[in-house]
Amino acid sequence: MDCGTCETSSPVQLMTPEVVNVNLSISNKAQEMLSDAFGDDRSMALLVGVLSGGCSGYMYDLQIVEETDQSCQEITVDGFKVLVPNASSHLLDGIEIDYVDRLMGGGFKINNPNAESSCGCGESFS
Amino acid sequence: MPLVAYPDAALTIWQGKDALQFIDGLSTNKMVDMMKGQLVQTVFTSSQAKIIDFVTVFHMGEVLAVQCHQSKLQNLLNHVLPRILGQDVTITDVTERNQFAVEYKVKNEHVGTFISVNNVTYGRTESNLNIVIASKENTLQHSGTIAEFDAWRIENLVPWNNHEITIKNHPLAAGLSKFVHPAKGCYIGQEILARMVSRGRQGKNLVRCKNSEVDDKLITTRGEIYSLGIVRAIQ
Chain A
1388 MDCGTCETSS
1398 PVQLMTPEVV
1408 NVNLSISNKA
1418 QEMLSDAFGD
1428 DRSMALLVGV
1438 LSGGCSGYMY
1448 DLQIVEETDQ
1458 SCQEITVDGF
1468 KVLVPNASSH
1478 LLDGIEIDYV
1488 DRLMGGGFKI
1498 NNPNAESSCG
1508 CGESFS
Chain B
2 MPLVAYPDAA
12 LTIWQGKDAL
22 QFIDGLSTNK
32 MVDMMKGQLV
42 QTVFTSSQAK
52 IIDFVTVFHM
62 GEVLAVQCHQ
72 SKLQNLLNHV
82 LPRILGQDVT
92 ITDVTERNQF
102 AVEYKVKNEH
112 VGTFISVNNV
122 TYGRTESNLN
132 IVIASKENTL
142 QHSGTIAEFD
152 AWRIENLVPW
162 NNHEITIKNH
172 PLAAGLSKFV
182 HPAKGCYIGQ
192 EILARMVSRG
202 RQGKNLVRCK
212 NSEVDDKLIT
222 TRGEIYSLGI
232 VRAIQ
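Chains as they are written, first to last, in our numbering: chain A, 1388 to 1513; chain B, 2 to 236.
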């Protein structure tokens, strides 16, 4: 197998999407839950990203972070610092971060106007 | 052992720390536990659970060598490239640097591994089948014909690219059930395949059948007396 010379081959050109300035909103219930999670320390940020995978091809990724090595745009929404990776900004513009309070399947939910379909668990979309 | 050309094979190199996780998230088999020296076969599926490509992943250590198919490569790339978002994944097509063959009627003890001898890599995909990938500088001595290989496939119920493994079929119908992991996380098409398995309704099956007993248009690999076909019920 000749893969030792692959450094001399050009990688397949990635389809780099346009970086979009993201607008997003956080529902009142989600703000309450984020306030509980953040406490008084507002130096932390909510990272809202997208990973490949899941039943529908993309999965949401929510994390509370101090910093990230991803190239991100930083926005402030209702007093919360939110980081959105530029690479997935085209998939996240216009989303609402909500919180669903129920025993099964509850937790943070993303309402995404860009999603053509979502899987049953709500974590994956296409 | 007979060695026949595998002209539709392609080879891509996937690099980056997220490459294995990335393939795992988009295909039917469990990939994340792979170790260097192992190979795993998996199916990339569409949202309708149809086959995009059936690939063999060789864990080379620093990189993953993914043997796929030239006739499906563009569709595969169209499927995966938009999903490389922030992940560290780079794909390189090195098909032109390699030649491909299939060695069959072998007796493998260590299925799921590969060895390289003089720049020729033997991927032990089955107990009786190797995928052979060699640098173009090597000479592979072919010792069988495609017709003989097809006859062996019919005898052993082995599905093959562009016969049974097509975009019209889902992996369960194409005889690729063992590459659909029953307990891994979500991937595109997983809900449909899981529903088929849990309800026992996978629709069609790959079968070996007598030519006289099956409709011509259901035959996927034709033999002299027996053929392979994808049918709704064993006929």
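Virtual Cβ for every residue (Gly too), placed ideally from N, Cα, C.
- Residue burial annotation: B:Glu104 is buried, with at least 16 other C-beta atoms found within 10 angstroms of its C-beta.
- Cβ atoms of B:Ala6 and B:Ala102 come within 8 Å of each other, at about 6 Å.
- Taking a Cβ-Cβ cut-off of 7 Å, A:Asp1427 has no neighbours in chain B, whose nearest Cβ is about 30 Å from it.
- At a beta-carbon threshold of 8 Å, none of the residues of chain A lie near B:Met32; the nearest stands roughly 11 Å away.
- Look at A:Gly1494: its C-beta is not under 9 Å from any C-beta on chain B.
- Distance check between B:Asp89 and each of B:Arg209, B:Gly186, B:Gln22 places B:Gln22 closest, using alpha-carbon atoms only.
- At a cut-off of 9 Å between beta carbons, A:Leu1411 makes no contact with chain B.
- By the neighbour-count criterion, in which 16 or more other beta carbons inside 10 Å mark a residue as buried, A:Gly1466 falls on the exposed side.
- The Cβ atoms of B:Glu97 and B:Asn109 do not sit closer than 9 Å to each other.
- Beta-bridge partners of A:Lys1468 (DSSP): A:Thr1463.
- The C-alpha of A:Ser1511 lies about 46 Å from the C-alpha of B:Thr146.
- At least one beta carbon of chain A lies nearer than 9 Å to the beta carbon of B:Lys137.
- Shown here, A:Ser1513 sits in coil according to DSSP, grouped into three states, outside any helix or strand.
- Here DSSP, grouped into helix, strand and coil, assigns A:Ala1424 to helix.
- At least one beta carbon of chain B lies nearer than 9 Å to the beta carbon of A:Asp1389.
- One thing to note: B:Leu229 has its Cβ within 9 Å of the Cβ of B:Glu165.
- Per DSSP, the beta bridge partners of B:Thr222 are B:Leu229.
- Under DSSP, the beta-bridge partners assigned to A:Gly1494 are A:Val1487.
- With a 10 Å radius around the Cβ and a threshold of 16 neighbouring Cβ atoms, B:His60 comes out buried.
- Chain B places no beta carbon closer than 9 Å to that of A:Ser1505, leaving this residue out of the contacts.
- A:Tyr1486 has a beta carbon lying at 9 Å or more from every beta carbon in chain B.
- Below the 9 Å Cβ cutoff, chain A contributes Met1388 as neighbours of B:Ser117, in chain order.
- For the stretch 1466-1483 of chain A, the set of residues with a beta-carbon nearer than 7 Å to any beta-carbon of chain B comprises Pro1472, Ala1474, Ser1475, in chain order.
- Cβ-Cβ separation between B:Leu86 and A:Ser1475: approximately 5 Å, consistent with a contact (criterion under 8 Å).
- According to the DSSP assignment, B:Lys211 belongs to the beta strand (DSSP E) that extends over 206-211.
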